[in-house]
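Notes follow the structure.
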Amino acid sequence: MGEIRMQFGSANKAAALIALMSFAIFTGADASVKLLSDRFSVFQVTFVLTSYAVLFIAAWALIAGKAAAIVPKAPLFASVRGILLATETLLIYYAFSTVPLAEAYVIAFLAPIMVAVLAVIFLGERMSMWGALGVALGFAGVLVVMQPGRSEIALGHVAAIFSALIFSITLLMLRRTKAHEDDLALAAVPLVILALMAGCFLPWAGGFPALDLKDLLIFMLGGFCLFLGHTLLVKAFRVGEASVVAPFQYSQIIWGSAFGLVLFGSPIELTTMLGAAIIILSGWLVLR
Numbered sequence: 009m010g011e012i013r014m015q016f017g018s019a020n021k022a023a024a025l026i027a028l029m030s031f032a033i034f035t036g037a038d039a040s041v042k043l044l045s046d047r048f049s050v051f052q053v054t055f056v057l058t059s060y061a062v063l064f065i066a067a068w069a070l071i072a073g074k075a076a077a078i079v080p081k082a083p084l085f086a087s088v089r090g091i092l093l094a095t096e097t098l099l100i101y102y103a104f105s106t107v108p109l110a111e112a113y114v115i116a117f118l119a120p121i122m123v124a125v126l127a128v129i130f131l132g133e134r135m136s137m138w139g140a141l142g143v144a145l146g147f148a149g150v151l152v153v154m155q156p157g158r159s160e161i162a163l164g165h166v167a168a169i170f171s172a173l174i175f176s177i178t179l180l181m182l183r184r185t186k187a188h189e190d191d192l193a194l195a196a197v198p199l200v201i202l203a204l205m206a207g208c209f210l211p212w213a214g215g216f217p218a219l220d221l222k223d224l225l226i227f228m229l230g231g232f233c234l235f236l237g238h239t240l241l242v243k244a245f246r247v248g249e250a251s252v253v254a255p256f257q258y259s260q261i262i263w264g265s266a267f268g269l270v271l272f273g274s275p276i277e278l279t280t281m282l283g284a285a286i287i288i289l290s291g292w293l294v295l296r
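Numbering-wise, the sequence shown is residues 9 to 296 according to this note's numbering.
This is how it looks when you write it as structure tokens:
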């Protein structure tokens with residue numbers, strides 16, 4: 009029994025480290041989205057960025073000799089999850105383009121809390137009294153960040169809330185599919201669907217953008233971060249438990265605040281940090 013516990017703990021430690029790297033890299037992709045959204049529409053940014061990510065994952069599959077692994081074993085389930093993730097990504101990219109990165113991240117922090125609530129509703133899991141208190145605190149933290157009545161609530165804030173809800177659903181789906189689906193398929197299918205969805209809107213969003221060398225490099229770097237972030241996140245969920253991996257999304261407030269300050273001159277607001285602290289506490293209560 010002691011050996012089993014040691015292996016279990018070791019697996020979760022590895023998953024935690026992988027998740028931390030994944031969310032840090034995702035923040036790099038998100039920063040590139042905000043950087044590019046000054047000159048391009050959300051659909052243009054999403055299409056080019058995701059197309060690069062798809063190229064990177066295809067190249068990786070060929071190099072690793074696993075090209076066949078990109079095809080999902082459960083195509084219908086993978087497609088539904090991919091459509092949800094694509095929708096979630098478009099929503100959060102819109103949020104990144106309209107509100108400060110740190111604010112969007114704080115609202116996105118609702119996802120681990122929503123996972124716990126949805127697990128009770130759809131998976132029959134039990135929630136303790138502390139967990140219920142954590143859920144209430146989480147929504148209170150979002151209100152602190154958004155400050156309804158004091159400042160205007162932007163569409164970007166609303167988009168971030170719906171993004172968190174959809175993302176939490178995909179996390180539950182990932183929990184159910186990780187046992188029989190290959191890592192490459194879980195990472196590739198959402199990216200392919202996202203590129204196709206964004207591409208469908210290009211005729212109404214300015215068409216395919218003309219890129220100079222600087223834009224091209226930012227898109228390539230963002231696409232690589234998107235590919236690597238997805239690959240590592242899937243690996244983290246395969247190695248460890250969802251309840252261990254999901255809270256590491258909170259680390260994005262650190263990276264988001266740093267990118268926002270350095271790249272965009274966005275000040276670190278006291279209310280944003282207070283809201284983040286409340287939501288992180290709520291997540292701990294839900295998962296304890």
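Cβ coordinates follow ideal geometry from the N, Cα and C atoms, glycine included.
Asked: Judging by CA-CA distance, which residue of A206, L84, E277, F256 is the nearest neighbour of N20?; Found: F256
Asked: Does the Cβ of G215 have 16 or more other Cβ atoms within 10 Å, making it buried, or fewer, making it exposed?; Found: exposed
Asked: Would you identify the three-state DSSP class for E11, choosing helix, strand or coil?; Found: With a pLDDT of 42 at E11, under the threshold of 50, the predicted position of this residue should be treated as unreliable, though the coordinate-derived value follows. Reduced to three states, the DSSP call for E11 is helix.
Asked: If you drop the 5 nearest sequence neighbours on each side, which residues of the same chain put their C-beta closer than 6 Å to that of I276?; Found: S265
Asked: Ignore the nearest five residues each way along the sequence and tell me which others in F170's own chain have a CB closer than 7 Å to its CB.; Found: L99
Asked: Between L180 and A127, how many whole angstroms is the CB-CB distance? I'm expecting something under 8 Å.; Found: 7 Å
Asked: From G248 to K81, what does the alpha carbon distance come to, in whole angstroms?; Found: 22 Å
Asked: Going by the beta-carbon positions, is the gap between S30 and G237 smaller than 8 Å?; Found: yes
Asked: Check whether the stretch 95 to 111 and the stretch 161 to 169 touch, using three or more Cβ-Cβ pairs below 8 Å as the test.; Found: yes
Asked: Going by beta-carbon coordinates alone, are A75 and A69 separated by less than 8 Å?; Found: yes
Asked: Can you give the Cα-Cα distance for A206 and M137, rounded to whole angstroms?; Found: 42 Å
Asked: Where does L219 sit, in a helix, a strand or coil, going by DSSP?; Found: coil
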